[in-house]
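The next block holds one structure in the form of structure tokens; read it before the comments.
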Amino acid sequence: MTTKASLIAVTIDCEDPVRMAEFWSKVTGFDIQVAETEYSAVGDGTTSIYFGRLPGYKAPAWPSDDKQFHLDFRVPDVAKAVEEYEAIGATRPEFQPGEGWVIMQDPEGHVFCVCPERST
């Protein structure tokens, strides 16, 4: 039997960790745990998102094969969330591969999906 692992955090390379922590704190409601030039983090006490400065960071193009990950978030109202996220610095790329959810990019180009709550 394989030892079960619990995800505690994901680390995202970026140019400006402080800006990323501020943006993602607003999106997730997570507290800013650390906000420094080289490293920042947001979290809720159980799960964290870390941001590490990578000099010369280049955002992946969307759509493209160079995207390495994306995050998915459930929200009660997709249209309202998209509008709010755009107001704090996210962008909505023209290419949208499906219906019911929206692909967005954070201020440094990382892709994330805004998904509706599941119906029961």
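Heads up: the sequence shown at position 2 corresponds to 2 in full-length UniProt numbering, and the numbers run straight through without jumps.
All residues carry an ideal CB built from backbone N, CA and C; glycine is no exception.
Computed from a prediction, not measured in an experiment: that's the story for all the values here.
Range covered by the alpha helix (DSSP H) that runs through residue i
i	result
P17	P17 to T28
residue 126	Any question about residue 126 goes unanswered here, given that the chain covers just 1 to 120.
Residue i, buried or exposed, once every other Cβ within 10 Å from all chains shown has been counted against 16
i	result
I103	buried
A21	buried
D65	exposed
A79	exposed
F95	exposed
I8	exposed
S6	exposed
A61	exposed
V10	exposed
Residue range of the unbroken beta strand (DSSP E) whose run includes residue i
i	result
S40	Y39 to G43
R53	S48 to R53
D66	Counting along the chain, D66 falls outside any beta strand (DSSP E), and DSSP gives it neither H nor E.
F112	V111 to P116
I32	D31 to A35
M104	V102 to Q105
Residues bridged to residue i [DSSP beta-bridge criterion]
i	result
I12	F51
F73	V114
T2	Answer is none; T2 lacks a bridge partner.
Would you check if there are 3 or more beta carbon pairs closer than 8 Å linking the region 62-77 to the region 105-118? Verdict: yes, contact present.
Between the region 15-26 and the region 37-56, can you find at least three pairs of beta-carbon atoms closer than 8 Å? yes
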